[in-house]
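This report concerns only the one structure given below.
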Amino acid sequence: MERMRKPNIDVYLTVMVKDKNGKVVYRRRYKSRSFVVGFLNALYTNFTSPPTAGQYFLDPNIVVGSGTTKPSISDGGLTSQIGNGTGAGQLQYGTDSLTTPITNLNNNSASFTWSKSFTNGSGGNVTVAEVGAYISTYNQGNILAFFILHDLLPSQITIANTQVLTVVYTITITT
Amino acid sequence: MNVKAYLKVKVIDKNGKCIYYRRYRSRSFVANFLRQLFTNLSGQSINNVNTSGGSYSIGTTDNIIVNDGSNDDSYGILIGTGTSAPSIINNNLSQVISNGASVGQMQYGAVSVTGAVTNTSTNTGYITVTRTFTNNSGSSITVSEVGLVAWSGNNLQTNQYYLIIHDLLPSPITVPNGSSLSISYEIQVAT
Chain A
1 MERMRKPNID VYLTVMVKDK NGKVVYRRRY KSRSFVVGFL NALYTNFTSP
51 PTAGQYFLDP NIVVGSGTTK PSISDGGLTS QIGNGTGAGQ LQYGTDSLTT
101 PITNLNNNSA SFTWSKSFTN GSGGNVTVAE VGAYISTYNQ GNILAFFILH
151 DLLPSQITIA NTQVLTVVYT ITITT
Chain B
1001 MNVKAYLKVK VIDKNGKCIY YRRYRSRSFV ANFLRQLFTN LSGQSINNVN
1051 TSGGSYSIGT TDNIIVNDGS NDDSYGILIG TGTSAPSIIN NNLSQVISNG
1101 ASVGQMQYGA VSVTGAVTNT STNTGYITVT RTFTNNSGSS ITVSEVGLVA
1151 WSGNNLQTNQ YYLIIHDLLP SPITVPNGSS LSISYEIQVA T
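The listed protein sequences derive, respectively, from chains A and B.
Each residue of the first sequence is one higher than the last, beginning at 1 in the numbering used here.
Each residue of the second sequence is one higher than the last, beginning at 1001 in the numbering used here.
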């Protein structure tokens, strides 16, 4: 009988910077290490949803920050989130985008990507040191946000004015 | 480290004595779970496969409910006698042991789900999904596979049952008549 091998759900984090001409000037791919307890709380909410209440996930939201504190299981947000805008130290947040899952029968895996771009229109450099993500659950008109991922980048990234940072989370399951 | 699941199996005899206990690392979330997550988060409906093998379009407001009541084998933790290796596209256990007290059946208890337990020293957290199965069939029953089936809910769109985890046990478990089998999935994150 086949022995159970390691699972399960893995997340990879890709960060990429493009200059104003669309040229990629920086790209790194890491194995994300940091689901936090908010993911479990969101899953618990869904697992135990009364059928008449309709609690489901929605509103994916990738965020970036300048904090350098090591992530903790109980984190409820980034250490220092970079605000949306064109003021000093801000980045313009794009829209979260997800790609349709791909299933690979050869290696018994499936994955989808979740990405967002951040444009620096601040007039100066902006340094990104941490990345995270929220999802929400809906419950009869009430929307509750859960912070589910928090990663400290191994190396901080300096985004020059007019450059665009793209953050991609690839969520993979393996059977 | 990311999301891991552990599978705990325990057999209690008719006198309440634990006669078997193992804890394994579960390995087998299947594609249905990822597709459901995708549709909820993206708002784009794609197709899933229900436990009957039928394709359906996932509703953007579908749930992932697992806390089934007792005496029902349509969702929650299910057990079976199949021995096929799990595949990413599995839509059900290979051979489900149905609810009941007839030959080859087990009586399904209610599913319980505990909220997140966190340990800030180890930076870990987990939730647990548990169900107990009682053998009153009159003879021993061998269990070789376990799965977790979710329900989309019935108030909104699809009213479907779909498999999200499927595990083949490293060793089949024989549950004597009068004994009960407790199965727990511990879903863990580590930061």
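Note that the Cβ used here is the ideal one computed from N, Cα and C, for glycine as well.
ask   = Is A/Y44 helix, strand or coil by DSSP?
value = helix
inquiry  = Quick check for students: name the residue ranges of the beta strand (DSSP E) that lie wholly in the stretch 1059–1139 of chain B, counting only runs of 3 or more.
reply    = 1076–1080, 1112–1119, 1124–1134
request  = Evaluate B/Q1188 with the Cβ neighbour count: other Cβ atoms within 10 Å of its Cβ, from every protein chain shown; 16 or more gives buried, anything less gives exposed.
outcome  = buried
request  = List the residues of chain B that A/A110 touches, going by C-beta distances under 7 Å, in chain order.
outcome  = Around A/A110, the beta-carbon contacts reaching into chain B at under 7 Å are A1031, L1034, I1088.
request  = Could you give the DSSP three-state label for B/T1035: helix, strand or coil?
outcome  = Looking at the sequence provided, one finds Arg at residue 1035 of chain B rather than Thr. In the structure shown, B/R1035 sits in a helix (DSSP, three-state: H, G or I).
query = Any C-beta of chain B sitting closer than 7 Å to the C-beta of A/T48?
reply = yes
Any C-beta of chain A under 7 Å from that of B/Y1162 = no
task = Determine the chain A residues that contact B/F1038 at a beta-carbon separation under 8 Å, and present them in chain order.
result = L98, T100, P101, F112
query = Opposite B/Y1047 in the DSSP bridges: which residues?
reply = For the record, residue 1047 of chain B in the displayed sequence is Asn; it is not Tyr. According to DSSP, B/N1047 bridges with B/S1057.
query = How about B/L1093: is its C-beta nearer than 7 Å to some C-beta of chain A?
reply = no
query = Does B/L1041 come within less than 7 Å of chain A when only Cβ atoms are used?
reply = yes
key: Beta-carbon neighbours of A/I135, restricted to chain B and to distances below 7 Å   = L1041
task = Starting from the C-beta of A/Y56, find all residues in its chain whose C-beta is less than 7 Å away, skip the five residues before and the five after it, and write them out in chain order.
result = Taking C-beta separations shorter than 7 Å and ignoring five residues to either side along the sequence, the partners of A/Y56 in its chain run N46, T137, Y138, following chain order.
ask   = chain A beta carbons: is any one of them nearer than 7 Å to that of B/N1123?
value = yes
task = Would you grab the beta carbon distance between A/L153 and A/V126 for me? Rounded to a whole angstrom, and I think it's under 8 Å.
result = So it is not a contact: roughly 13 Å between Cβ atoms.
inquiry  = I need the DSSP call for B/N1177, collapsed to helix, strand or coil.
reply    = coil
query = In or out: B/T1142 buried (at least 16 other Cβ within 10 Å) or exposed?
reply = exposed
request  = Can you give me, in chain order, the residues of the stretch 125–153 of chain A that have a beta carbon less than 8 Å from any beta carbon in chain B?
outcome  = I135, Y138, H150
ask   = Comparing the C-beta of A/L40 with each C-beta of chain B, is any distance below 7 Å?
value = yes
ask   = Bridge partners of A/F35, per DSSP?
value = The secondary-structure analysis by DSSP pairs A/F35 across a beta bridge with A/L149.
Below-7 Å beta-carbon distance, A/F118 vs any chain B residue = no
inquiry  = If the criterion is Cβ atoms closer than 7 Å, does the pair B/D1073 and B/N1032 meet it?
reply    = no
query = Which residue comes first and which comes last in the beta strand (DSSP E) that contains B/F1029?
reply = Per DSSP, B/F1029 lies in no beta strand (DSSP E) and is assigned neither H nor E.
ask   = For the beta strand (DSSP E) that contains A/Q55, what are its first and last residues?
value = Counting along the chain, the beta strand (DSSP E) containing A/Q55 begins and ends at 55–65.
query = Does B/T1011 get closer than 7 Å to chain A when you measure Cβ to Cβ?
reply = According to the sequence provided, residue 1011 of chain B is Val. The question's Thr does not apply to it. By this cut-off, B/V1011 is not an interface position.
message = So for B/L1168, helix, strand or coil by DSSP?
response = Note: B/L1168 maps to strand in three-state DSSP.
ask   = What does A/Y56 reach in chain B if we use C-beta pairs closer than 7 Å?
value = Counting only Cβ-Cβ distances below 7 Å, A/Y56 has contacts in chain B at N1040, T1061, D1062, N1063, in chain order.
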